[in-house]
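Undergrad:
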Amino acid sequence: MSPRTFPPAPGWSPDGRRIKAELDYGRGPEKTWVYDGLRVRDGQQVTMTAPSRNSVFYQQFLQKLEAANPAGDIYVITDNLSSHNSLSTRTWLEEHPRIKHVFIPVGACWLNLQEAWWRIFRKAALAGQSFARPDEITQATELATAQLNRRARPWIWGRPAPPTRHLRRRYIYCL
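Numbering (the working numbering), first residue to last: 112 to 286.
1) Residues in its own chain within less than 7 angstroms of residue 258 by CB, not counting five upstream and five downstream?
2) Would you say residue 252 and residue 189 are within 8 angstroms of each other, going by their C-beta atoms?
3) Could you check if residue 156 is buried or exposed, using at least 16 other CB atoms within 10 Å of its CB as the buried criterion?
4) According to DSSP, residue 188 sits in a beta bridge with which residue or residues?
5) Output the distance between the C-alpha atoms of residue 265 and residue 207, rounded to the nearest integer angstrom.
6) Taking just the CA atoms, how far does residue 153 sit from residue 263?
7) Rounded to whole angstroms, what's the CA-CA distance from residue 134 to residue 241? Just pull it up for me.
8) Residues in its own chain within less than 7 angstroms of residue 145 by CB, not counting five upstream and five downstream?
9) Please give the ranges of any alpha helix (DSSP H) in the stretch 213-244, keeping only runs that are unbroken, at least 4 residues long and fully inside the region.
10) I need the boundaries of the beta strand (DSSP E) containing residue 145, first residue and last residue.
11) Check residue 178 in the structure and name its three-state DSSP category.
12) Let's see if you can read the secondary structure: which residues bound the beta strand (DSSP E) around residue 275?
13) For residue 161, name the three-state secondary structure that DSSP assigns.
14) Can you list, in chain order, the residues of its chain whose CB lies under 8 angstroms from that of residue 220, leaving out five sequence neighbours each side?
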């Protein structure tokens with residue numbers, strides 16, 4: 112996510128004509144990355160925003176995941192991003208044996224249940240929004256995460272089985 116670099120234009124001028132403003136669609140220097148983790152067992156989500164996508168912020172996110180899951184092993188299913196497999200991250204993971212990385216194959220993001228949650232998250236937090244500053248993105252992320260966690264349910268991979276068909280009448284033929 113990146114905040115827009117232009118102020119919103121007013122819709123109409125005092126004389127009733129639509130105002131035409133030149134828009135700057137440049138991304139600008141400020142960007143915000145959203146890290147997130149889905150606990151499949153109960154559908155709870157952990158999110159964190161960061162100004163950069165590097166090993167330092169990824170390790171901060173892993174610490175947040177570890178704090179949110181105080182007991183048991185934590186399996187992080189992730190893609191092959193360089194910050195996920197860097198030397199500093201691997202060294203950090205050696206000091207935290209509860210966290211285990213599982214890398215999905217390249218081009219198989221549909222194997223990750225997180226992708227379905229991203230679709231729901233983008234609709235709840237980001238759709239139709241226009242952010243002027245990175246802290247607005249952080250606020251929208253925290254608010255949407257809290258709202259989605261209140262109605263969280265366990266995640267199941269695949270579609271549910273179709274309902275069984277019950278016939279109203281049963282005919283018996285005698286020969």
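For every residue, glycine included, the Cβ atom is placed at its ideal position computed from N, Cα and C.
Since the structure is predicted, the reported quantities are computational estimates derived from the model, not experimental observations.
TA: Inspection of the coordinates gives the following:
1) Around residue 258: 235.
2) In this structure, residue 252 sits away from residue 189, with a CB-CB distance that is not shorter than 8 angstroms.
3) Burial is judged here by how many other beta carbons sit within 10 angstroms of a residue's own beta carbon; residue 156 has at least 16 and is buried.
4) The partner list for residue 188 (beta bridge, DSSP) reads 213.
5) If you draw a straight line from the Cα of residue 265 to the Cα of residue 207, it comes to about 26 angstroms.
6) Per the coordinates, the alpha-carbon of residue 263 lies some 7 angstroms from the alpha-carbon of residue 153.
7) Because the pLDDT at residue 134 is just 49, under 50, the model does not fix this residue reliably, and the point stays unresolved.
8) Cβ neighbours of residue 145 beyond the five flanking positions: 112, 158, 160 and 252.
9) Taking only runs of at least 4 residues, the alpha helix (DSSP H) segments lying wholly in the stretch 213-244 are 225-232.
10) First-last of the beta strand (DSSP E) with residue 145: 144-150.
11) DSSP places residue 178 in helix when its eight states are reduced to three.
12) First-last for residue 275: undefined, no H or E at that position.
13) The answer is strand: DSSP assigns residue 161 an E or B state.
14) For residue 220, where only same-chain residues beyond five positions count, the Cβ hits under 8 angstroms are 190 and 226.
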